[in-house]
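**Student:**
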Amino acid sequence: MKRNIGRIDKADFPLLNLFDIEVKVDTGAYTSSIHCKNMKVEDNYLKCNFLDEEHPSYHEKEIVFDEYDVKVVKSSNGQAEARYRIKTEIILFGKTHSIYLTLSDREEMRFPVLLGRNFLSKKYMVDINKTNLSFKLKSKK
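The opening residue of the sequence shown carries number 1 in full-length UniProt numbering; numbering runs sequentially from there.
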């Protein structure tokens, strides 16, 4: 049974040390994406910083990945772009899920994380009239 999720929410990414991060649920996007800066590969390790200085959850920590790949993603403006992709964990409604996230500079976007239909399918039904369903459940506890 699929659970309802609203058009926006807040999620935790414990392996990235990010909590209560605003996410936009986007059924028009296939892949999920997270705001990332300073991406570089050194000795086959991907290194980056998540979010940026203006975000309240920014922690300046460089995160290092030994497992990653490169995915070609078509952006909303139709441009194909090669992006690094990582596998991590997301917590929504108190449940931990594996998620693939492409790394992208989303500085100009309102939401640092986009949840695409590849992640949403078979798990969630989107109710565009609702917001923060997972976060409200978490706040009650």
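C-beta: ideal position from N, C-alpha, C; glycine also.
In chain order, what residues of the same chain have a beta carbon less than 6 angstroms from the beta carbon of K24, not counting five sequence neighbours either side?
**Tutor:** These residues qualify, in order along the chain: I8, F111, L114.
**Student:** Should G116 go down as buried or exposed, given a rule of 16 or more other Cβ atoms within 10 Å for buried?
**Tutor:** Buried, by the Cβ-count rule.
**Student:** So what does DSSP say about S76, is it helix, strand or coil?
**Tutor:** In this structure, S76 counts as coil in the three-state DSSP scheme.
**Student:** Measuring CA to CA, which of F119, K37, A80 is closest to T96?
**Tutor:** Checked all of F119, K37, A80; the closest Cα to T96 is F119.
**Student:** Taking 8 angstroms as the limit between beta carbons, can you name the residues of its chain near T131, skipping five residues before and five after?
**Tutor:** Once the five neighbours on either side are set aside, the close Cβ partners of T131 are G6, R7, I8, D9.
**Student:** Exposed or buried, what is F135 when buried is set at 16 or more other beta-carbons lying within 10 Å of its beta-carbon?
**Tutor:** Buried, by the Cβ-count rule.
**Student:** Less than 6 angstroms between C-beta atoms, sequence neighbours within five positions excluded: which residues of the same chain meet that for K40?
**Tutor:** Only K47 meet the Cβ criterion.
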